[in-house]
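Please read the structure below before turning to the comments.
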Amino acid sequence: MSTSKKILLVDDNPLVLEMMGRALNKEGFYCMKAISADAATEILKQERPDIILSDYHMPDVDGFAFRQNLIAIPEYKDIPFMFLTSEEDNDLMLKGINLEAVDYILKDTPLPVVVSKINNFLSTVREQHERTLKELSVAAMALNLHSVPQKLPVISGFEVDFWHRSYQNYPGGDFIDFITIDERYTFIVLGDVMGKKWGAWYFSFGFLSYIRAAVRICISEGNFSTKNILQKINDVVYHDPVVNDVLSSLSLGMLDAMESTITYSGAGDLPLLYYNSADNNLQQIGSSGMLLGMLQDGDFDEVTFKLNAGDRLFMFTDGIIDFEGAAGKKTDYNTFTEAVTPYLNRPFTEFKRSAFLQEKTVDHIDDCSLIHLQKTT
C-alpha cells in the first residue's frame, strides 16, 4: 500500500462509495470511506489523506459546509479537496472553486478519467514539493543547517548511534543532536515538531537553536539539571510569537561519562526504553512534562540512573511505533519492543539492517528517528 495515494471519499450514497472505493483501490489508492461529513471528520482525527473527494449534496452537513468547516481548522485546511456532483451547474462549480476546491468531478464521469484526474493532481503536488525541497536543501546547505548530526560523538566507555528516515524523503519535523560539553558531559537531544508535515523541517531548526543555547547557558551557570534546562527552553518557546503555536516533543538526556549515569527529562515525549544487561530486563522510563510551548510551566521532572557494561538506552519518536494497516493508523509500543529484543546482545548496526527498520524505510507514515546508547566498558 502506498501512503502517497491516500484518499478520503465522502458521499451519503453507499453504492457510490463502494463503486468508487473499489475502482480506486484497484488503481493503488488507499481509500477511506465516510457516509457523511460528520463521519469524515471523525476519520480525519485519526488519518490524514492526501486528498478529499466529497459529494455536494448530503443531508445535515452538505459538501459546502463540510469544506468551510475544514478551512477553519489549521490541521485540515491545506488538504486538497475535490467536489463530486451529479449536477453540471456553473454556479455550484464557482462556489466550490471559491472555497479553494482544486477541482470538481461529475458522478457520471468514467472511472478511468476520475482516476487520471486525481493521479495528475497528486503528481503535480508532489513535483511542486520536490522543487521546494530542492530549494530548501540548497539553502540549508549554504547555511550549514542540519536537523540530524553529520557525525557521531566519541565518548569514552560508550557507543552512540542513531537511525533516521524522513517521511517520503521530505525533510521532516524530527530533529536529533549531540551536544558535547567536555569529555565528561554530553547532551542527547531528540525532538519532534508536531502537525506541520514536511513544513515542520523549517521549525526544527528554530527549536534546535533554542535547545543548544539553553544547554550552553545553563552549563555556563553551573546548572546541570535537565528539568531546569527544559524549563528554560520552554520559557523561550512559550514567549516566541513565531513558534509558540508550533508544539514539539523533546527527550533530553545528559550523559555523565565519568559517573556512567544518564539524567533524563522529557516534554510530551515517548517513554525511553532501558535495557538492564545484568537482569536481561527491558523497562520503560517515562516523564510527565508537557509539550514544549503548551504551558508556561511545563511541569518537567527528571530521573537519573546508572548504566553498567552492556546496558542500553533507546530514544525514539512516534514514527517508530506508528503503523498503518487495513483498519488505519495504530500506535504500538510493544511491537517495537518485540522487534528490538532479539538484538539486545548484538551490535546496533545489525538492528539498523533489521526487517523491522527496513519496513519502516519502505512504507512509513511519519518521520522515524531512533537514538541508541550503549555502555561498552
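When the letters of the sequence shown are read in order and numbered with numbering that gives the first Met the number 0, they come out as residues 0 to 376. Every residue gets a Cβ at the ideal spot worked out from N, C-alpha and C, and that includes glycine.
- Its Cα nearest to that of residue 162, the residue 352 stands out among 375, 352, 376 and 183.
- Annotation: residue 107 to residue 19 spans about 11 Å, alpha carbon to alpha carbon.
- The stretch 261-277 makes no contact with the stretch 204-218, as fewer than three CB pairs between them are under 8 Å.
- With contacts defined as CB atoms closer than 8 Å, residue 175 and residue 185 fail to qualify as a contacting pair.
- According to DSSP, residue pairing for residue 8 in a beta bridge involves 32 and 52.
- Taking the Cα of residue 182 as reference, the smallest distance to any Cα among 332, 250 and 255 is reached at 255.
- Secondary structure at residue 329: strand, using DSSP grouped into helix, strand and coil.
- Counted as a single uninterrupted DSSP element, the stretch harbouring residue 305 is not any alpha helix (DSSP H) but the beta strand (DSSP E) occupying residues 302-305.
- Counting every other CB atom within 10 Å of its CB across the protein chains shown gives residue 225 a total of 16 or more, marking it as buried.
- In this structure the stretch 25-37 lies against the stretch 7-15, because at least three pairs of beta carbons, one per stretch, are closer than 8 Å.
- Cα atoms of residue 252 and residue 357: separation of roughly 27 Å, rounded to the nearest angstrom.
- In the three-state reduction of the DSSP assignment, residue 345 falls in the coil class, being assigned neither a helical nor a strand state.
- Rounded to the nearest whole angstrom, the C-alpha separation of residue 126 and residue 115 is 16 Å.
- Proximity to residue 61 across 313, 83 and 75 peaks at 83, based on C-alpha coordinates.
- When secondary structure is reduced to three states using DSSP, residue 299 falls in the coil class, being assigned neither helix nor strand.
- With a cutoff of 8 Å on beta-carbon distance, residue 50 and residue 81 are scored as near each other.
- Contact check for residue 242 against residue 205 passes: the beta carbons are separated by less than 8 Å.
- One thing to note: residue 296 has its Cβ no nearer than 8 Å to the Cβ of residue 248.
- Around the C-beta of residue 359, 16 or more other C-beta atoms lie within 10 Å, and the residue is accordingly described as buried.
- For residue 237, the enclosing alpha helix (DSSP H) has its first and last residue at 225-238.
- In this structure, the CA atom of residue 165 is about 7 Å from the CA atom of residue 365.
- Pairing residue 334 with residue 157, the inter-Cα distance amounts to about 27 Å.
- Proximity to residue 261 across 109, 311 and 54 peaks at 311, based on C-alpha coordinates.
- The beta carbon of residue 104 sits closer than 8 Å to those of 52, 81, 82, 83, 84, 113 and 116, all from its chain and outside the five residues before and after it, given in chain order.
- For residue 106, no alpha helix (DSSP H) encloses it, and the DSSP letter there is neither H nor E.
- By the C-beta criterion, the stretch 331-351 is judged not to be in contact with the stretch 286-302, since fewer than 3 inter-stretch pairs fall below 8 Å.
- According to the DSSP secondary-structure assignment, residue 247 is paired through a beta bridge with 192 and 291.
- Between residue 330 and residue 173, the C-beta gap is not smaller than 8 Å, which leaves the two residues out of contact.
- Setting aside the 5 residues that flank it on each side, residue 102 is surrounded in the same chain by 81, 82, 116 and 120, each with a C-beta closer than 8 Å to its C-beta; the list follows chain order.
- For the 8 Å CB-CB criterion, residue 299 and residue 271 do not form a contact.
- When DSSP states are grouped into helix, strand and coil, residue 183 belongs to the coil group.
- For the options 5, 153, 281 and 221, the alpha carbon positioned closest to that of residue 375 is the one of 153.
- In terms of Cα proximity to residue 338, the closest of 281, 304, 307 and 303 is 281.
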